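Numbering (UniProt numbering), first residue to last: 1 to 207.
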């Protein structure tokens with residue numbers, strides 16, 4: 001029984017030593033993790049800095065030679081996300097990729113295409129709201145605002161297209177629906193037309 005316990009203890013020691021050696025090899029090949037402040041000041045995505053040791057990795061940036069930046073491996077990113085909650089910071093061009101389509105592009109689409117896009121956006125919004133309740137990633141929560149604005153743009157373009165088509169139908173008719181008439185102001189809508197003004201002036205002159 002004692003022999004078995006000693007064997008288990010030795011096996012644990014060997015496993016720990018192998019893990020430490022693997023970590024040392026990872027450090028030698030990939031480099032040392034840069035500080036968050038250094039990443040922010042140098043406007044660089046989260047990455048690793050190749051160097052001889054940890055002490056050199058956190059020195060001032062001007063001591064490092066140019067061209068020593070190496071992208072972080074996927075395995076190390078997963079470890080950082082699990083241990084520290086680290087999330088990659090999207091660059092400006094990456095953030096612009098998530099912006100909704102421009103309105104002038106939406107106006108060039110047909111009604112069926114707009115309806116399909118609206119359906120997809122609503123499905124995406126429902127999934128994001130489920131992720132919000134279940135504790136999703138911060139990047140998903142920030143995307144809710146973008147999707148809602150996209151839905152509003154699509155609905156606005158659909159409404160404008162419908163009113164433009166109705167205005168063409170009622171263009172030569174005598175009476176036009178109230179929502180298709182020019183809004184202007186309440187006083188302008190209720191004042192007399194030029195023809196009515198001339199008639200009233202003629203009646204006053206006759207009297």
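We put the beta carbon where it would ideally sit given N, CA and C, even for glycine. Keep in mind it's a predicted model, so treat the numbers as computed, not measured.
- At a Cβ-Cβ threshold of 8 Å, residue 155 and residue 166 do not count as neighbours.
- By the C-beta density criterion, residue 130 is exposed, having fewer than 16 other C-beta atoms within 10 angstroms.
- Following the DSSP letters along the chain, one finds residue 158 inside the alpha helix (DSSP H) bounded by residues 138-169.
- Here DSSP, grouped into helix, strand and coil, assigns residue 172 to coil.
- Looking only at 105, 138 and 164, the smallest Cα-Cα distance to residue 177 is reached by 164.
- Residue 193 carries a coil assignment under DSSP once its states are collapsed to helix, strand and coil.
- Residue 117 counts as buried, since no fewer than 16 other beta carbons sit within 10 angstroms of its beta carbon.
- In this model, residue 188 and residue 113 are separated by some 39 Å (Cα to Cα).
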